[in-house]
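Protein chains in written order, with our numbering: chain A, 78 to 385; chain B, 4 to 361. First comes the structure, then the notes that go with it.
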Amino acid sequence: MNGGLSNGVNGLNDSTHKSSRPNESKQWIPYLLASPIFLWLTIFFLVPIFFLIVMSFRGYSPTKGITDQFTTAHYVKFLTDAFYLGILYRSIKLSVLVTLISLILGYPEAYYLTIIKGKKKALFLALILSPLFVSAVIRTFGWMIILAPHGLINSGLDLLGLIHEPVKFMYSEKGIVIGLVHVLMPYMVLSIYSSLINRNMDLEKAAQSLGAHPVKTFFKITLPLSLPGILAGTLIVLTLSVSAFITPAMLGGTRVRVVPFVTYEQFMVLLNWPFGSVAALVLLAITVGIVMFYHRALEHGRWAEVFR
Amino acid sequence: MTEVRIQNLLKQFEDVAAVDHISLTVHSGEFLSLVGPSGCGKTTTLNLIAGFINPDAGEISIDGERINDVPIYKRKLGMVFQSYALFPHMTVMDNIAFGLRMQKLQRSAIVREVGRALELVRLPGVEKRYPRQLSGGQQQRIALARALVIHPKVLLLDEPLSNLDAKLRREMRIELKDIQKTVGITTIFVTHDQEEALSLSDRLAVMNKGRIEQVGSPIEIYESPKNEFVSSFIGETNIFSATVMEAKEKELLLNINEARPVTIPRPLDLKFRIGDAIKISIRPEKLCFGRESGDLTHYLSGTVDHVVFLGNITYYTVKTQSHSMSVICQNLETRTYSAGDQIRLEYRPENCRIIQAE
């Protein structure tokens with residue numbers, strides 16, 4: 078059997094073999110196959126970003142509009158004005174918060190989903206995915222009703238005698254976090270679920286047979302091995318929440334601004350495209366930075382083995 | 004030195020009894036195999052002993068103490084899985100040390116014990132590697148080291164050699180037995196490979212459809228199978244349906260629908276009458292081709308049908324009047340037989356076993 082295998086390998090390198098050097102001629106095929114998506118990404122992603130970058134250095138005056146001047150004034154303004162820095166900080170803070178809450182709430186849901194079967198599982202899965210069935214605007218309207226000063230939650234808390242005046246959910250960071258967690262949790266749950274569902278149950282049995290009780294087994298075996306799913310889920314939720322527009326716009330409005338809202342205002346209302354571009358690009362740069370750092374940290378850190 | 008006892012163990016899945024009221028005692032220090040075809044209940048039995056599943060009825064005890072209600076992590080058992088189940092995100096060192104850390108052992112003691120365990124399985128120096136960097140055979144040894152390092156009361160092995168290629172399997176078999184003898188631990192080994200069971204065990208428990216058909220030493224099981232299942236599952240055999248023709252003082256003459264009757268020794272504990280139907284089994288290696296000067300009483304006439312030369316033995320299929328029989332001959336003689344040869348198959352009466360008496 079070994080002899081047969083080595084013959085096969087020798088055959089490929091044998092120069093007297095008919096199609097000598099078959100590998101060389103086909104090396105460009107993968108690139109050819111990937112070219113449609115490269116083209117698509119270039120046209121619809123890279124090119125627009127390039128234009129944004131160019132736009133961010135153009136001058137703007139309230140009276141004349143966008144000028145042909147080259148200026149870094151917008152960057153200076155955005156990065157030194159406490160107002161805008163505050164908004165930048167809030168955007169990132171909220172997305173981190175949304176990610177953490179989705180992780181903490183979503184992990185148990187994903188775990189439970191791996192245990193149940195049949196109709197129960199189908200029902201539970203539908204419930205988890207339900208936020209995605211409705212459009213963002215309609216869904217957020219629903220939250221506006223629930224979170225309003227005399228909406229469902231406040232009325233309920235009042236009825237129970239737990240509060241004396243309404244809790245401010247609307248037009249506050251609380252409301253934004255609730256709305257974003259609601260819509261982004263499915264992504265977290267499904268990412269973690271896909272990591273958990275194919276795990277080798279023998280590992281948990283082995284750990285227990287070696288004296289680890291179930292909780293310890295979870296933290297030492299199951300959780301570390303589900304890290305790839307956690308990484309994927311947190312990345313999705315982080316990036317989607319930092320760039321979210323509709324939910325913060327409706328639940329926060331102009332009172333609780335996030336960077337995407339600033340971009341919208343600058344582009345659509347104030348017509349200050351250069352400044353709007355700056356806001357968008359700064360957020361993009363920071364987000365990419367966070368993602369790369371986080372990715373690196375996990376794949377080369379203490380738990381690197383899990384990703385092999 | 005630990006004795007494991009199961010009594011009247013029952014485990015049902017839906018309406019099927021995977022383990023159907025079985026009782027068994029594994030003696031201190033013994034290597035006992037649970038062997039049988041897929042679905043016979045051997046792995047379920049092992050899982051019940053380990054505590055991964057709970058029985059519907061029956062008792063499991065270790066050294067006289069009932070462990071039915073003891074959770075897995077308190078049973079102090081060592082288990083080796085078919086998939087080895089090494090923790091992929093931990094080094095060899097951390098894998099083996101896992102159980103010791105659960106026992107809250109001192110760091111220096113852990114390092115020492117892990118070193119000893121690796122020497123026992125003859126893989127010193129691999130502490131810093133990860134499981135994925137090891138070959139199948141090496142992984143299996145690490146799994147064994149991990150199970151033994153915690154000094155468990157009993158070692159449980161669930162088809163640990165099934166994922167290895169044939170040659171490695173045979174090598175690991177010998178090593179496994181050596182290690183077990185060195186450590187002296189009571190061992191329960193599950194396999195569907197009867198050759199493996201025969202070569203490793205002090206005793207075998209042959210299982211079928213949730214029941215234990217027979218328990219005994221390899222020689223007992225092989226030479227004195229109690230029924231048709233055991234005689235066909237362990238080793239090969241020729242089985243004949245027979246009727247009692249004549250009952251002499253020390254012998255029975257049986258009609259197996261051949262030209263000549265078959266003689267077997269008369270069993271002392273059973274009563275037979277003329278016309279009783281029984282089944283007998285005779286192993287292929289217990290048949291040999293007769294010479295002119297050979298036994299003139301205990302033989303059957305036939306024609307050689309197929310010949311398969313296997314090096315140290317030759318496997319023949321012989322057609323007799325109403326049967327097709329397997330015969331195995333050691334290649335001692337220069338005389339070989341070919342298809343079409345008319346031959347005489349000689350046997351010794353004591354090699355014909357009764358496997359079913361009605």
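No residue lacks a Cβ here, since even glycine has one placed at the ideal position from N, Cα and C.
Rounded Cβ spacing between Leu129(A) and Leu317(A) (contact assumed at less than 8 angstroms): The residue labelled residue 129(A) in the question sits at position 52 within the first sequence. The residue labelled residue 317(A) in the question sits at position 240 within the first sequence. Between Leu317(A) and Leu129(A) the Cβ distance is about 20 angstroms, and since that is not below 8 angstroms, they are no contact.
Show which residues of chain A have a CB atom less than 8 angstroms away from the CB atom of Ser86(B). Taking the first residue of the second sequence as position 1, residue 86(B) is located at position 83. Ordered by position in chain A, the residues that pass the 8 angstroms Cβ test against Ser86(B) are Asn277 and Asp279.
If contacts are defined as beta-carbon pairs under 8 angstroms, then Val95(B) and Val129(B) qualify, I think. What distance do you get, rounded to the angstrom? Locating residue 95(B) in the second sequence gives position 92, counting from the first residue. Locating residue 129(B) in the second sequence gives position 126, counting from the first residue. Yes, they are in contact, since the Cβ atoms of Val95(B) and Val129(B) sit about 5 angstroms apart, within 8 angstroms.
Nearest neighbour of Glu33(B), chosen from Pro163(B), Arg206(B) and Asp279(B) [CA to CA]: As a first step, residue 33(B) must be located in the second sequence, where it is residue number 30. Selected option, being the one with the closest Cα: Arg206(B).
Would you tell me roughly how many angstroms separate the C-alpha atoms of Gln104(A) and Ser112(A), rounded to the nearest one? On the first sequence, residue 104(A) is found 27 positions in, with the first residue counted as 1. On the first sequence, residue 112(A) is found 35 positions in, with the first residue counted as 1. Distance between the alpha carbons of Gln104(A) and Ser112(A) is about 14 angstroms.
Looking at Leu80(B) and Pro127(B), is the spacing between their C-beta atoms short of 7 angstroms? Here residue 127(B) is taken as the residue at index 124 of the second sequence, counted from 1. Here residue 80(B) is taken as the residue at index 77 of the second sequence, counted from 1. No, Cβ-Cβ distance for Pro127(B) and Leu80(B) is not below 7 angstroms.
If you count every other CB in all the chains shown that lies within 10 Å of the CB of Glu199(B), and 16 or more means buried, which is it? Your numbering for residue 199(B) matches position 196 in the second sequence. Buried, because 16 or more other Cβ atoms sit within 10 Å of the Cβ of Glu199(B).
Kindly indicate if chain A contains any beta-carbon less than 7 angstroms away from that of Phe101(B). Position 98 of the second sequence, counted from the first residue, corresponds to residue 101(B). Output row for Phe101(B): interface = yes.
Name the DSSP beta bridge partners of Cys332(B), please? As a first step, residue 332(B) is located in the second sequence; it is residue number 329 there, counting from the start. Under the DSSP definition of a beta bridge, Cys332(B) partners with Thr317(B).
As an exercise, report each continuous alpha helix (DSSP H) stretch of at least 4 residues that is fully enclosed by the segment 33-98 of chain B, in chain order. 45-53
Can Ser271(A) and Gly306(A) be called in contact, C-beta distance under 7 angstroms? Translated into the one-based positions of the first sequence, residue 271(A) becomes position 194. Translated into the one-based positions of the first sequence, residue 306(A) becomes position 229. Yes. Within cutoff.
Of all Cβ atoms in chain B, is any one closer than 7 angstroms to the Cβ of Glu382(A)? As a position in the first sequence, residue 382(A) is number 305, starting the count at 1. So yes, Glu382(A) belongs to the interface.
Check whether the segment 344-354 of chain A and the segment 127-145 of chain A touch, using three or more Cβ-Cβ pairs below 8 angstroms as the test. yes
Classify Ile283(B) as helix, strand or coil using the three-state DSSP reduction. For the purposes of this step, residue 283(B) is taken as residue 280 along the second sequence, with counting starting at 1. Three-state result, Ile283(B): strand.
So who's on the other strand from Gln359(B), going by DSSP bridges? In the second sequence, residue 359(B) corresponds to position 356, counting from 1. Gln359(B) pairs with Lys282(B).
So, helix, strand or coil for Asp279(A), using DSSP? By one-based count along the first sequence, residue 279(A) stands at place 202. Assigned with DSSP and collapsed to three states, Asp279(A) falls in helix.
Which residues in chain A have a C-beta closer than 9 angstroms to the C-beta of Arg119(B)? List them in chain order. The residue labelled residue 119(B) in the question sits at position 116 within the second sequence. The premise fails here: Arg119(B) is roughly 17 angstroms from chain A at the closest Cβ pair, so nothing lies under 9 angstroms.
Across which residues does DSSP place Met210(B) in a beta bridge pair? Within the second sequence, the letter at position 207 stands for residue 210(B). Partner(s): Ile215(B).
By the criterion of Cβ-Cβ separation under 8 angstroms, what are the contact partners of Gln106(B) in chain A? Here residue 106(B) refers to the residue found at position 103 when the second sequence is read from its first residue. Those are Gly288, listed as they occur along chain A.
Counting Cβ pairs closer than 8 angstroms, one from the segment 47-62 of chain B and one from the segment 16-27 of chain B, do we hit at least three? The segment 47-62 of chain B is in contact with the segment 16-27 of chain B.
Residues in the same chain with beta-carbon distance under 6 angstroms from His227(A), minus the five sequence neighbours each way, listed in chain order, please. Start at 1 with the first residue of the first sequence, and residue 227(A) comes out as number 150. Closer than 6 angstroms at Cβ, skipping near neighbours: no residue.
Thr140(A), buried or exposed, once every other Cβ within 10 Å from all chains shown has been counted against 16: The count along the first sequence starts at 1 and reaches residue 140(A) at position 63. Its Cβ having fewer than 16 others within 10 Å, Thr140(A) is exposed.
Going by C-alpha to C-alpha distance, which of Ala21(B), Gly39(B) and Glu6(B) sits closest to Ala208(B)? Taking the first residue of the second sequence as 1, we reach residue 208(B) at position 205. Selected option, being the one with the closest Cα: Gly39(B).
So what's Gln324(B) in DSSP terms, helix, strand or just coil? As a working mapping, residue 324(B) is identified with position 321 in the second sequence. Note: Gln324(B) maps to coil in three-state DSSP.
Inter-residue spacing [alpha-carbon to alpha-carbon] between Leu156(A) and Ile181(A): The residue labelled residue 156(A) in the question sits at position 79 within the first sequence. The residue labelled residue 181(A) in the question sits at position 104 within the first sequence. If you take the alpha carbons of Leu156(A) and Ile181(A), they lie about 33 angstroms apart.
Compute the Euclidean distance between the alpha carbons of Gly278(B) and Ile267(B), then round it to the nearest angstrom. If you number the second sequence from 1, residue 278(B) lands on position 275. If you number the second sequence from 1, residue 267(B) lands on position 264. Going from the Cα of Gly278(B) to the Cα of Ile267(B) covers about 15 angstroms.
For His154(B), decide whether its Cβ has a neighbour in chain A, counting only Cβ atoms nearer than 7 angstroms. As a position in the second sequence, residue 154(B) is number 151, starting the count at 1. No, because no Cβ of chain A sits closer than 7 angstroms to the Cβ of His154(B).
Roughly how many angstroms separate the alpha carbons of His94(A) and Glu239(B), rounded to a whole number? Working through the first sequence from its first residue, we reach residue 94(A) at position 17. Working through the second sequence from its first residue, we reach residue 239(B) at position 236. In this prediction, His94(A) has a pLDDT of 48, which is less than 50 and means its spatial position is unreliable; nothing more can be read from the coordinates.
For Phe295(A) and Ser268(A), the rounded distance between their alpha carbons: Against the first sequence, residue 268(A) aligns to sequence position 191. Against the first sequence, residue 295(A) aligns to sequence position 218. Rounded to whole angstroms, Ser268(A) to Phe295(A) spans 18 angstroms at the Cα level.
In the DSSP assignment, the alpha helix (DSSP H) including Leu109(A) goes from what residue to what residue? Counting from one through the first sequence, the residue named residue 109(A) turns up at place 32. It spans Ile106 to Leu118 - the alpha helix (DSSP H) in which Leu109(A) sits, taken as one unbroken run.
DSSP state of Val368(A), grouped into three classes? Walking along the first sequence from the start, residue 368(A) turns up at place 291. Reduced to three states, the DSSP call for Val368(A) is helix.
Compare the beta carbon distance of Ile99(B) and Ala120(B) with 7 angstroms and say whether it is the shorter of the two. The sequence position of residue 99(B) within the second sequence is 96, counting from 1. The sequence position of residue 120(B) within the second sequence is 117, counting from 1. For Ile99(B) and Ala120(B), yes; Cβs fall inside 7 angstroms.
Minimum C-alpha distance to Asp308(B) - residue among Phe16(B), Gly187(B), Ile346(B) and Glu288(B): The residue given as residue 308(B) occupies position 305 in the second sequence. The shortest C-alpha separation from Asp308(B) is found at Ile346(B).
In three-state DSSP terms, what is Leu271(B)? On the second sequence, position 268 is the one that residue 271(B) refers to. Residue state, collapsed to three classes: coil.
If we cut at 7 angstroms on Cβ distances, does Met82(B) have a partner in chain A? By one-based count along the second sequence, residue 82(B) stands at place 79. Yes, Met82(B) counts as interfacial toward chain A.
Can you name the start and end residues of the beta strand (DSSP E) that Glu249(B) belongs to? For the purposes of this step, residue 249(B) is identified with residue 246 of the second sequence, where counting begins at 1. Asn241 to Ala250 is the span of the beta strand (DSSP E), which, as asked, contains Glu249(B).
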